[in-house]
Ligand code: ACO
């Protein structure tokens, strides 16, 4: 392989000397980022597989949706830098961009907003679905199940084959997820479900369904609407992350969009992924509440290989630099609290932890920086959300990304059913032992 000092100048193939080789392997270029060695025929030709737990070094698809440069901390949706998008766009506009590849014109945006707004209502029969859950049910479990459940009302989307049906499925999911999320929350606090209001924007409508009560339906403070809108934009896509890879894996079996997205929610819920936003707040609260806990003792625990504790909201599989979303959120958290004339002792603890970690050899050596979840929870909290809703908010934000990937995957001629290989290290072949002889 000849890089000649530049990734872009890589040759079109490489030679791998293995087994009865050498074998010529094609190299696929990317527009930005690293090229990829095509190993698809390697097993058949050379009788070897590649070993890559977590697919951390494997490109599973060619994608045109999101670009990340983890070494410089760069994130782009459809080519546009996240900083510009977060400053100028609305979340619903970003959803359009991710799905259709281009920023909408004013007319397209209006039509898109009204299409979404027209479908925010759930089928009335879904009320009994929410009623059936115990009050203590985690809202992520309800969100996940309800996402699968609503597909039962839309037979046509179960195996969409035409673009028109796929688009309609996407609109249905984007329109209804905030309603599902708000109803999951209302259920958990024992308050009446609020119906969507088509006169409100996407985000205001969600906040209305979360916080309004019958007979008390004040408009939501626009600065709260704006803050949540920015948070959702920052969560909207992140290329082949764990939940998106799950959506693609499930969709690769030709499972429908609803089932694939519901599976992605399961992956998102884990504390190493989207569940980290709840875990961060719980960690900060525990430090706050424990008179013996200090910044130093917390870092000591995080560095101790015999302690399963990790510094939640720190580290990332892709970023070896500051996560650009965390950079935006760090100052945004201060702005939001100042605008709301509030203070939060957990923000002070988070800032102290960040400074200490960024000056600690362990974190510096491993290039561990705050990720998106480190500050998002503090803002969600300031906006009035309980910590059990944080990952639900992440899911609402990530939904357009999941759908964009599902559509891209189903229309990509290179897509195959996701079926990795293994290195078997169990017992060699042995004879079965009858029960009476064991
Ligand atoms: N605290 C302490 N040590 C850490 C942390 C952390 N948060 N993150 C990584 N490390 C250490 C590892 O122990 C490992 O150390 P070693 O080289 O001595 O064995 C080294 O840094 C590399 O870490 P890996 O676990 O190999 O990195 P990986 O890419 O597999 O994991 C992950 C990334 C899961 C995000 C990890 O950094 C982590 O657990 N962070 C905390 C959870 C979190 O914030 N998740 C949200 C991620 S963002 C998102 O999904 C939306």
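Numbering (the numbering used here), first residue to last: 73 to 510.
A virtual CB, placed ideally from N, CA and C, is assigned to each residue, including glycine.
Keep in mind that this is a model prediction, so the values were computed, not measured.
{"Item": "Which one of 389, 435, 331 has the shortest CA to CA distance from residue 126?", "Value": "389"}
{"Item": "Return the residue from the list 337, 261, 169, 178 that minimises the CA-CA distance to residue 205.", "Value": "261"}
{"Item": "Whose C-alpha, out of 378, 379, 394, is nearest the C-alpha of residue 385?", "Value": "394"}
{"Item": "Taking 6 Å as the limit between beta carbons, can you name the residues of its chain near residue 189, skipping five residues before and five after?", "Value": "270"}
{"Item": "Would a C-beta distance cut-off of 8 Å place residue 284 and residue 211 closer than the cut-off?", "Value": "no"}
{"Item": "Under 8 Å between the Cβ atoms of residue 308 and residue 167?", "Value": "yes"}
{"Item": "Are there 16 or more other CB atoms within 10 angstroms of the CB of residue 79, so buried, or fewer, so exposed?", "Value": "Bear in mind that the predicted position of residue 79 carries a pLDDT of just 46, short of 50, making it unreliable; the figure below should be weighed with that in mind. When all chains shown are included, residue 79 counts as exposed."}
{"Item": "Does at least one heavy atom of ligand 1 sit under 7 Å from the Cβ of residue 389?", "Value": "yes"}
{"Item": "Between the region 400-409 and the region 445-462, are three or more C-beta pairs nearer than 8 Å?", "Value": "yes"}
{"Item": "Sorted by chain position, which residues of the same chain lie with C-beta nearer than 7 Å to residue 272's C-beta, five sequence neighbours on each side aside?", "Value": "280"}
{"Item": "Can you tell me whether residue 280 is helix, strand or coil according to DSSP?", "Value": "helix"}
{"Item": "When every heavy atom of ligand 1 is checked, does at least one fall within less than 7 Å of the C-beta of residue 457?", "Value": "no"}
{"Item": "Based on the DSSP output, what are the partners of residue 386 in its beta bridges?", "Value": "442"}
{"Item": "Going residue by residue through the region 299-370, where are the continuous alpha helix (DSSP H) segments of at least 4 residues, counting only ones entirely within it?", "Value": "314-323, 329-341, 348-361"}
{"Item": "In three-state DSSP terms, what is residue 214?", "Value": "helix"}
{"Item": "So, for residue 324: in the same chain, excluding its five sequence neighbours on each side, which residues have a beta-carbon less than 8 Å away from its beta-carbon?", "Value": "481, 487, 488, 489, 490"}
{"Item": "Nearest to residue 331 by CA position, among 169, 278, 471, is which residue?", "Value": "471"}
{"Item": "On the premise that residue 139 lies in contact with residue 104, defined as a C-beta separation below 8 Å, what is that separation, rounded to the nearest angstrom?", "Value": "5 Å"}
{"Item": "Determine the burial state of residue 90: buried for a count of at least 16 other Cβ atoms within 10 Å of its Cβ, exposed for fewer.", "Value": "exposed"}
{"Item": "Starting from the C-beta of residue 111, find all residues in its chain whose C-beta is less than 7 Å away, skip the five residues before and the five after it, and write them out in chain order.", "Value": "97, 122"}
{"Item": "Within the continuous beta strand (DSSP E) that includes residue 88, where are the two ends?", "Value": "85-88"}
{"Item": "Is any heavy atom in ligand 1 found nearer than 7 Å to the beta carbon of residue 345?", "Value": "yes"}
{"Item": "In the DSSP assignment, find the unbroken alpha helix (DSSP H) run with residue 434 in it and report its ends.", "Value": "433-437"}
{"Item": "Please identify the residue among 497, 478, 494 whose C-alpha is closest to the C-alpha of residue 235.", "Value": "478"}
{"Item": "In terms of alpha-carbon separation, which member of 333, 86, 94 lies closest to residue 242?", "Value": "333"}
{"Item": "Taking the alpha-carbon positions, what's the residue 278 to residue 238 distance?", "Value": "24 Å"}
{"Item": "Could you check how far apart the C-beta atoms of residue 417 and residue 360 are, in whole angstroms? I think they sit under 8 Å.", "Value": "6 Å"}
{"Item": "Since residue 299 and residue 214 should fall inside the 8 Å C-beta cutoff, what is the C-beta to C-beta distance between them, to a whole number of angstroms?", "Value": "The pair is not a contact, with the Cβ atoms about 25 Å apart (cut-off 8 Å)."}
{"Item": "Is the separation between the beta-carbon of residue 158 and that of residue 337 shorter than 8 Å?", "Value": "no"}
{"Item": "Which residues in the same chain have their Cβ closer than 8 Å to the Cβ of residue 263, if we skip the five residues on either side of it in sequence?", "Value": "285"}
{"Item": "I'd like to confirm something about residue 393: is its beta-carbon nearer than 7 Å to some heavy atom of ligand 1, or not?", "Value": "no"}
{"Item": "For residue 501, count neighbouring C-beta atoms within 10 Å of its own C-beta (all shown protein chains included) and say buried if the count is 16 or more, exposed if not.", "Value": "exposed"}
{"Item": "Going by the CB atoms, is the gap between residue 463 and residue 357 shorter than 8 Å?", "Value": "no"}
{"Item": "In this structure, how does DSSP classify residue 146 when only helix, strand and coil are distinguished?", "Value": "strand"}
{"Item": "What ranges does the alpha helix (DSSP H) occupy inside the region 174-219, keeping only unbroken runs of at least 4 residues that lie completely in it?", "Value": "178-189, 198-203"}
{"Item": "Bridge partners of residue 288, per DSSP?", "Value": "285"}
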